[in-house]
Structures are given as C-alpha cells and as structure tokens.
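Below you'll find the structure, written out as structure tokens, and then a few comments.
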Amino acid sequence: MIQVSHLTKFYGPRAAVNDLTFEVKKGEIVGFLGPNGAGKSTTMKILTGFMPASSGSAKIAGYDVFASPLEVKRNIGFLPENPPVYPEMQVQDYLQFAAELHQVPREKLRTAVDHALTKTSLGDVRHRLIGNLSKGFRQRVGLAQALVHNPAILILDEPTVGLDPKQIIEIRELIKGLGGEHTVILSSHILPEVTATCERIIVISKGRIVAEDTIDQLTTRIKKGVIYSLVVKNPDPTGVAAIRNIPGIHTVTQAGPKLVIEVQSGTNEIRDQIIETAVKKEMGVLEFSAEKVSLEEIFLQLTTIETPTQSTGATV
Ligand SMILES: Nc1ncnc2c1ncn2[C@@H]1O[C@H](COP(=O)(O)OP(=O)(O)OP(=O)(O)O)[C@@H](O)[C@H]1O
Ligand SMILES: [Mg+2]
Numbered sequence: 000m001i002q003v004s005h006l007t008k009f010y011g012p013r014a015a016v017n018d019l020t021f022e023v024k025k026g027e028i029v030g031f032l033g034p035n036g037a038g039k040s041t042t043m044k045i046l047t048g049f050m051p052a053s054s055g056s057a058k059i060a061g062y063d064v065f066a067s068p069l070e071v072k073r074n075i076g077f078l079p080e081n082p083p084v085y086p087e088m089q090v091q092d093y094l095q096f097a098a099e100l101h102q103v104p105r106e107k108l109r110t111a112v113d114h115a116l117t118k119t120s121l122g123d124v125r126h127r128l129i130g131n132l133s134k135g136f137r138q139r140v141g142l143a144q145a146l147v148h149n150p151a152i153l154i155l156d157e158p159t160v161g162l163d164p165k166q167i168i169e170i171r172e173l174i175k176g177l178g179g180e181h182t183v184i185l186s187s188h189i190l191p192e193v194t195a196t197c198e199r200i201i202v203i204s205k206g207r208i209v210a211e212d213t214i215d216q217l218t219t220r221i222k223k224g225v226i227y228s229l230v231v232k233n234p235d236p237t238g239v240a241a242i243r244n245i246p247g248i249h250t251v252t253q254a255g256p257k258l259v260i261e262v263q264s265g266t267n268e269i270r271d272q273i274i275e276t277a278v279k280k281e282m283g284v285l286e287f288s289a290e291k292v293s294l295e296e297i298f299l300q301l302t303t304i305e306t307p308t309q310s311t312g313a314t315v
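Oh and the sequence shown: position 96 is 95 in numbering that gives the first Met the number 0, straight run, nothing missing.
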C-alpha cells in the first residue's frame, strides 16, 4: 500500500530524510517512531504530496506521489502536524467542506460527515466554532477531516499530541479500530504511543531508519535475550567487528565507548569470549555488566547513537 524507496530530502545542505526505504502493507498499522527532528513530519509531507523529495520515490496505493498527486490525495487522509482547521467555521461545516474537497458525492456528504463526527466523538460540538474549541478538540477535528472521505490510507502526524489522558485512550482505540480495513502510518516520539496502537514500528533517527520490527518480536527478543554492556577505552572498529563475529551474538550497537551487546542466551562461555576478544584486541575493558533493558531504553539507544558509529550496526 505504501512503498518508499531511497527517499531523501535536503533542506539546503542538510538532509532531513536520508535514504529511507520501507513498505507498509494493506491493513497494517505502522508506527513511525523517532525523537524531535528525526524527519517524521518531512517524510509524511512527502508521502502525502505536500512537498517534493530531493531524490528517491514513494508510491501510495500503486501511484507515484510525484507523478500522480491527485490519485494519491484521493486515497489518503492526512492529519498534519498543525491541522489546517479554520477557526471561523463550525465543526460540521468544516468537515463538509473537507469532504467536498475530497470529492465525496453530494448525496453521501451528510452520512460521511456524521460518520466522522461519531468516530471522533465530536457530535456534541458539531455546531461550535472551531476557534472556540479546546486544543484537544481541535486535534479531533483534524482527525475527523482526515477520515471524512473514508480513505484507504491514513497518515497521521502525532495524532494524540495535546490530548488529555482520557482522549488519548479514545483516539488510540479509534486508530486501532481502523486497522484491517485501512492502512495507517502514524508518527510519534513517544514509545508507549506506538506500542499501544501499532503492530510494527519503524524507528527513525537523524533522517535514517535505525530499526524496524514488529512490537511482538521486539518485546520477545528483548525478553529472551540478554544484553551486556561493555565499556572500553579504545572502541576501535576491528575490535567491535571481532566481538560482533562471536557466534551467538545477535547485535552490537555502539554509542561512543559503550557497546551494547545483545546475545541469544547469556552463557558463561559467551561472557568469557566477549571479554577475551576485547582483551586480545587491546580495547581496554573498563566495565562489563549484564543489563535488563526496557523497550524505552532500546529506543533511546537507537536514537542517540553518534553519527560516525552508525555504520557499526545500529539495529536492535
Ligand atoms: N522547512 C524547513 N526548512 C529547513 N529545515 C527544516 C524544515 N523543516 C524541517 N527542517 C529540519 O529537518 C529536520 C527534520 O524535521 P521534521 O520536522 O521532519 O522532524 P520530526 O521528526 O517531525 O520532528 P518532531 O518530533 O519535532 O515533529 C529537522 O532538523 C528540522 O529542523
Ligand atoms: Mg514532526
């Protein structure tokens, strides 16, 4: 449903999005997770045809976003970071306007608007001026306009930002309910947000994908495996590579002098091998410990790795 290939976007000399490649299948709910400035909104604006990419390609429902912008817009609902809601309009009128823009046939307008109002629990405020609504309610109006034409694909940029806890739960439930029939990609910088709503996450940092997995697999892998932390004086690449090559080692992620080593099972033998290899490669072991790592920490590790060490295997 969504195919992104080597997508890159430069703002002046800086790449905000750098060589992104990923796919979202029909009916999937995928979370686009990354810290502030990672390139989430930039990617979403390109996917929805609001902005051209510098290079690479993106297809939505089989249509190239650059070559067929109209077909793309017909197939997507977009909740941008700052929803384009008109303060002087009534909620219901605005949704009707949004439906008309998306070419919902005249005889179906009423039903489409009612549906969107019900789904986002906005029925009670349908005649209120948007400008007088609270921020959370305005966010819901943004979500309602993304849904009003019943698009196959929904692209939601931080859909629950500014909502209170009760509203967050409601909107998450709503998004979960969209899966299967709709294909959803939503962005967030909050891990619980994506674990609550998505089946799969794509972690993005500094414009690059640093991990991609299902929530289930990520969680099981972390539960099953053991994570060691090795801090060394000299984290040189040949030493790191030698550790990575030890059989039974899953991944080695480097953050400066610290190596986070994920293994299938924490046997004595593998511990000895890690230490022996570090000593043999004259890395100068300063610290070695087993860590219990939460998903939250994994996310932090993935997204705070220094750029020069990224090529040393920034995967979970
Ligand atoms: N119009 C622009 N001109 C120049 N630089 C930009 C522009 N828009 C975004 N950027 C830069 O591109 C990078 C990615 O920004 P983007 O808004 O895509 O990140 P994000 O992941 O959505 O972050 P956030 O979580 O804060 O919304 C940032 O470094 C940002 O400063
Ligand atoms: Mg953003």
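Note that beta-carbon positions come from the ideal geometry of N, C-alpha and C, so glycine has one too.
Close CB contacts of A115 within its chain, under the 6 Å cut and outside five residues either way in sequence, are with L94, A143, L146, V147 (chain order). With 5 Å as the limit, the residues whose C-beta approaches a heavy atom of ligand 1 more closely than that are Y10, A15, N35, G36, A37, G38, K39, S40, T41, H188, in chain order. For T119, there is no enclosing beta strand (DSSP E), since its DSSP letter is neither H nor E.
From the listed residues A195, G36, T47, G238, the smallest Cα separation to I1 is found for T47.
With a cut-off of 8 Å on Cβ pairs, the stretch 189-204 is not in contact with the stretch 251-269, counting fewer than three such pairs.
Within the chosen limit of 8 Å, ligand 2 does not reach the beta carbon of S204 with any heavy atom.
The C-beta of Y10 has fewer than 16 other C-beta atoms within 10 Å across all chains shown, which makes the residue exposed. In this chain, the beta strand (DSSP E) harbouring Y10 covers 1-10. Apart from sequence neighbours up to five positions away, the residues of its chain that approach V124 with a beta-carbon distance below 7 Å are V90, L132, F136, ordered along the chain. In the structure shown, the three-state DSSP call for T237 is helix. Boundaries of the beta strand (DSSP E) harbouring T250: 248-254, taken from the DSSP string.
About 39 Å separates the Cβ atoms of S120 and G55, ruling out a contact at the 8 Å cut-off. Within 8 Å of the C-beta of D18 there is not a single heavy atom belonging to ligand 2.
Non-local beta-carbon contacts of E27 in its own chain, meaning distances under 8 Å to residues more than five positions away in sequence, involve M0, G178, T182, V183, E198, R199 in chain order. D163 has its alpha-carbon roughly 32 Å from the corresponding atom of V71. In the structure shown, V193 falls within a helical segment according to DSSP collapsed to helix, strand and coil.
Separation of P234 and E268 (C-alpha to C-alpha, rounded to the nearest whole angstrom) is 22 Å. Rounded to whole angstroms, the separation of the alpha carbons of P158 and V209 is 23 Å.
In the three-state reduction of the DSSP assignment, Q89 falls in the strand class, which pools E and B. Rounded to whole angstroms, I75 and P34 show a C-alpha spacing of 25 Å. Shown here, R125 sits in coil according to DSSP, grouped into three states, outside any helix or strand. At least one heavy atom of ligand 2 is found less than 8 Å from the C-beta of E157. For E22, the CB stays at least 8 Å from every heavy atom of ligand 2. In the DSSP secondary-structure assignment, S54 is bridged to T7.
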